[in-house]
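Here's the structure we're looking at; comments come further down.
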Amino acid sequence: MIVRGSRLYSILYLKCPRCHEGNLFTSKAYSKKFMKMPDRCPLCNLNYEPEPAFFTGAMYVSYALQVALFAIIYVALRILFNPAMEVYLIFMIGIPLLLAPVTLRLSRAIYINFFNHYQPDWKQRASSEHGTVVAQKN
Numbered sequence: 002m003i004v005r006g007s008r009l010y011s012i013l014y015l016k017c018p019r020c021h022e023g024n025l026f027t028s029k030a031y032s033k034k035f036m037k038m039p040d041r042c043p044l045c046n047l048n049y050e051p052e053p054a055f056f057t058g059a060m061y062v063s064y065a066l067q068v069a070l071f072a073i074i075y076v077a078l079r080i081l082f083n084p085a086m087e088v089y090l091i092f093m094i095g096i097p098l099l100l101a102p103v104t105l106r107l108s109r110a111i112y113i114n115f116f117n118h119y120q121p122d123w124k125q126r127a128s129s130e131h132g133t134v135v136a137q138k139n
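In the numbering used here, the protein residues as written are 2 to 139.
So this is what it looks like as structure tokens:
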């Protein structure tokens, strides 16, 4: 079971890397605005884009995810069916296209987790830094 506090939790559930409660994306994966992210976490106020073009580096993560996906598709087809070349091409183009929104969102979640980590005491830090009390979610 993946527990709150691990980077894997933040990545797979697409949650804020600092508080693990706020959502990284504003809409579902298969909608028109599937890449739309809020500027900051609505709960802990983490800036999701600390500098212009921050997520440009996520392209490299996305590339690695796609290469892994191609390898999995190839090995699965080769071992299970050993089909004709046309079948390989259909699967190698079709599956990555269908999963593109998921892999793009995952690549952003992985990339932002490179630079931020879980802080279970983010509520106390936020209140001491700003002199305010952060509303707790029930």
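Don't be surprised by glycine CBs; every beta carbon is placed ideally from N, CA and C.
query                                                                                                         : result
Alpha-carbon spacing of Phe-82 relative to Tyr-89, whole angstroms                                            : 10 Å
Pick from Thr-57, Gly-23, Gly-95 and Ile-111 that is closest to Ile-74, judged by C-alpha positions           : Gly-95
Whole-number beta carbon distance between Leu-78 and Phe-56, since they are thought to touch under 8 Å        : In fact, because the Cβ distance is near 32 Å, the residues do not count as touching under 8 Å.
Expected contact under 8 Å - CB spacing of Ile-111 and Ile-12 to nearest Å                                    : 6 Å
Gly-6 classed as buried or exposed, judged by whether at least 16 other C-beta atoms fall within 10 angstroms : exposed
Arg-8 - DSSP class collapsed to helix/strand/coil                                                             : helix
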